[in-house]
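Q:
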Amino acid sequence: MIKKIESRVVLKFTALLPVLCLLFVLNGLGQDLVTVASLKSQLDGDFSPADTETIVSVEGVVVTPLNLTTSSNGQFYMQDATGGIAVFHRGAGGAVPALGDMVRVTAPVGFFNGLLQLAPDTSVAEHSVTVLSSGNELPEPWEIDFAEVANPTVMEARESGLAIARGVTISHDEASFPNSGNLTLVDGEGREFTLRIDSRTDFGGTAIPTVPVDITGVIGQFDNSAPHDSGYQLLPARLSDVVDPNAEPVDLTTVATLKGQLDADLMPTDTETIVTVEGVVTTPINLTGSSNGQFYMQDATGGIAVFHRGAGGSVPALGDMVRVTAPVGFFNGLLQLAPDTSVAEHSVTVLSSGNELPEPW
Numbered sequence: 138m139i140k141k142i143e144s145r146v147v148l149k150f151t152a153l154l155p156v157l158c159l160l161f162v163l164n165g166l167g168q169d170l171v172t173v174a175s176l177k178s179q180l181d182g183d184f185s186p187a188d189t190e191t192i193v194s195v196e197g198v199v200v201t202p203l204n205l206t207t208s209s210n211g212q213f214y215m216q217d218a219t220g221g222i223a224v225f226h227r228g229a230g231g232a233v234p235a236l237g238d239m240v241r242v243t244a245p246v247g248f249f250n251g252l253l254q255l256a257p258d259t260s261v262a263e264h265s266v267t268v269l270s271s272g273n274e275l276p277e278p279w280e281i282d283f284a285e286v287a288n289p290t291v292m293e294a295r296e297s298g299l300a301i302a303r304g305v306t307i308s309h310d311e312a313s314f315p316n317s318g319n320l321t322l323v324d325g326e327g328r329e330f331t332l333r334i335d336s337r338t339d340f341g342g343t344a345i346p347t348v349p350v351d352i353t354g355v356i357g358q359f360d361n362s363a364p365h366d367s368g369y370q371l372l373p374a375r376l377s378d379v380v381d382p383n384a385e386p387v388d389l390t391t392v393a394t395l396k397g398q399l400d401a402d403l404m405p406t407d408t409e410t411i412v413t414v415e416g417v418v419t420t421p422i423n424l425t426g427s428s429n430g431q432f433y434m435q436d437a438t439g440g441i442a443v444f445h446r447g448a449g450g451s452v453p454a455l456g457d458m459v460r461v462t463a464p465v466g467f468f469n470g471l472l473q474l475a476p477d478t479s480v481a482e483h484s485v486t487v488l489s490s491g492n493e494l495p496e497p498w
């Protein structure tokens with residue numbers, strides 16, 4: 138009787154082995170998931186991590202759309218239901234997950250000038266950055282209270298998470314954003330907070346707004362001395378993160394309208410008037426020479442090519458929702474929008490990323 142019971146137990150356990158192995162693989166190679174809040178709760182009195190050796194696994198949504206460090210590595214920010222954290226991926230060669238990707242990062246924590254981060258290294262087999270899904274909705278940004286920006290307890294909890302400063306003016310001496318540097322945000326009561334412009338973003342050389350704006354970004358920190366309780370800053374990732382809430386609504390034109398204006402030879406009748414079209418990018422690469430940029434976009438009424446003169450090979454990502462302001466052009470029968478980087482009135486602006494592509498015809 139005892140042998141029969143033992144054999145049944147062995148058989149049941151053997152039947153469960155594939156399931157247990159699958160769970161082991163799916164759960165970060167055996168790593169239990171931890172929350173961002175639990176990592177931040179382990180900071181010491183100087184707001185430094187007490188443990189930078191233990192490998193942990195964290196899952197969250199990517200909230201920045203580009204690499205925010207040198208091309209040898211990769212840096213992005215992610216956020217779970219409890220808070221945000223930076224990820225510094227050593228050896229990633231500039232590659233980062235896309236905005237809206239749900240990722241699992243398995244690595245020890247690291248620390249750089251007050252900024253808590255996960256620190257995976259491509260040379261370490263146990264470390265990993267895995268995309269679980271794409272196109273996820275971003276978390277709602279925290280509305281910055283300028284009365285609290287000097288409170289390290291509040292700011293550490295908000296560090297690396299999405300945040301928005303509403304109705305702020307940008308104090309500046311120059312007319313244009315620097316390629317890299319700090320500016321000052323001022324709220325309606327005269328209180329200040331630091332705005333960080335990173336060299337990898339598209340801010341450099343563009344005009345600084347002279348009216349109150351809303352600015353969305355992540356809360357960063359740069360404080361190289363203990364205790365690390367200052368140096369908090371707002372880091373926007375792209376120019377479209379700066380919005381004038383009082384701006385007049387944009388007068389949009391559909392692709393179908395532009396195609397409806399072709400003449401009997403199927404050529405555009407007007408290549409001078411500047412129009413604005415919004416649509417989803419449907420091609421993943423630059424389709425012209427490295428001096429310019431060419432991609433295709435589609436709205437609810439149809440598709441159109443975009444030839445971006447002077448773009449240096451740069452094009453929006455597949456699934457980006459873009460607004461293109463430019464006249465139409467024509468090349469060997471192909472109707473296209475023709476923005477030119479040398480013309481101030483022309484623009485290609487990314488409004489959101491990770492959008493679902495239209496159904497193919």
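If you count the sequence shown from 1, position 229 lands on 366 in our numbering, and the numbers rise without skipping. Just so you know, even glycine gets a beta-carbon here, dropped at the ideal spot from N, CA and C.
(1) Confirm, please, whether the CB-CB distance from P373 to V379 is below 8 angstroms.
(2) Quick check for students: name the residue ranges of the beta strand (DSSP E) that lie wholly in the stretch 344-408, counting only runs of 3 or more.
(3) Among A187, S484, E493, P495, whose alpha-carbon lies nearest the alpha-carbon of D339?
(4) Which partner residues of W498 appear in the DSSP bridge assignment?
(5) Could you check whether G430 and V510 sit closer than 8 angstroms to each other, using their CB atoms as the reference points?
(6) Does the distance from the CB of L252 to the CB of A223 come in under 8 angstroms?
(7) Report the start-end ranges of each beta strand (DSSP E) in the stretch 220-265 that is 3 residues or longer and not cut off at the edges.
(8) Quick one, which of A454, P405, N319 has its alpha-carbon nearest R395's?
(9) Between the Cα of D335 and the Cα atoms of G327, V323, W279, G318, which residue gives the shortest distance?
(10) What is the rounded straight-line gap between the Cα of L255 and the Cα of L371?
(11) Taking the alpha carbon of Q212 as the point to measure from, which residue in T478, G304, R227 has its own alpha carbon closest?
(12) Leaving out the 5 sequence neighbours to the left and right, which residues in its chain are closer than 6 angstroms to A300 when beta-carbon positions are compared?
(13) Roughly how many angstroms separate the alpha carbons of L275 and G237, rounded to a whole number?
(14) Could you check the C-alpha separation between A287 and S367 for me, to the nearest Å?
(15) From the DSSP output, in three-state form, read off P202 for me.
(16) Who are I307's beta bridge partners in DSSP?
(17) Looking only at its chain, what residues have a beta carbon closer than 6 angstroms to the beta carbon of T486, apart from the 5 residues adjacent to it on each side?
(18) If we ignore side chains and look at the alpha-carbon of each, how far apart do E196 and A454 end up?
(19) Report the rounded CA-to-CA distance for N164 versus P382, giving the unit in angstroms.
(20) N469: buried (16+ other C-beta within 10 angstroms of its C-beta) or exposed?
(21) For F330, tell me which candidate among L176, G182, G354 has the shortest Cα-Cα distance.
(22) My output table needs one value for E482: the three-state DSSP class, helix, strand or coil.
(23) By DSSP, does V418 sit in helix, in strand, or in coil?
(24) Can you list, in chain order, the residues of its chain whose CB lies under 7 angstroms from that of S490, leaving out five sequence neighbours each side?
(25) With DSSP as the reference, label S209 as helix, strand or coil.
(26) To which residues does DSSP link L176 through a beta bridge?
(27) Per the DSSP calculation, L170 is bridged to which residue(s)?
(28) My guess is that T420 and Y433 are in contact by the Cβ rule of under 8 angstroms, so how many angstroms apart are they, rounded?
(29) Relative to the C-alpha of S427, which residue among T438, T410, A437, G449 is closest?
(30) What does a CB cutoff of less than 6 angstroms around A244 pick up in its chain, not counting 5 residues either side in sequence?
A: Here's the rundown:
(1) yes
(2) Runs of the beta strand (DSSP E) inside the stretch 344-408: 350-358, 369-372.
(3) S484
(4) For W498, which the question treats as bridged, DSSP gives no partner whatsoever.
(5) Residue 510 cannot be examined here, being either before or after the span of the chain that is shown, 138 to 498.
(6) yes
(7) Entirely contained in the stretch 220-265, the beta strand (DSSP E) runs reaching 3 residues are, in chain order, 220-226, 239-244, 246-249, 252-255.
(8) In the sequence on display, residue 395 carries Leu and not Arg. The shortest C-alpha separation from L395 is found at P405.
(9) G318
(10) Approximately 20 angstroms, taken between the alpha carbons.
(11) The residue with the shortest Cα to Cα distance from Q212 is R227.
(12) P278, W279, I281, I356
(13) In a straight line, the C-alpha of L275 is about 6 angstroms away from that of G237.
(14) 7 angstroms
(15) coil
(16) L322
(17) S377, R460
(18) 23 angstroms
(19) Unreliable positioning characterises N164 in this predicted model, as indicated by a pLDDT of 44, which lies under 50. The coordinate reading is nonetheless provided below. Rounded to whole angstroms, N164 to P382 spans 43 angstroms at the Cα level.
(20) exposed
(21) When each option's Cα is compared against that of F330, the closest is G354.
(22) coil
(23) Strand, per DSSP.
(24) Leaving aside the five residues that flank S490 on each side, the residues in its chain whose CB is nearer than 7 angstroms to its CB run, in chain order, P202, A235, L236, G237, A454, G456, D457.
(25) coil
(26) Bridge partners of L176: none, in fact.
(27) S194
(28) Under the criterion of beta carbons closer than 8 angstroms, T420 and Y433 qualify as touching, at roughly 5 angstroms.
(29) Nearest C-alpha to S427 among T438, T410, A437, G449: G449.
(30) L255, A256, P257, H264
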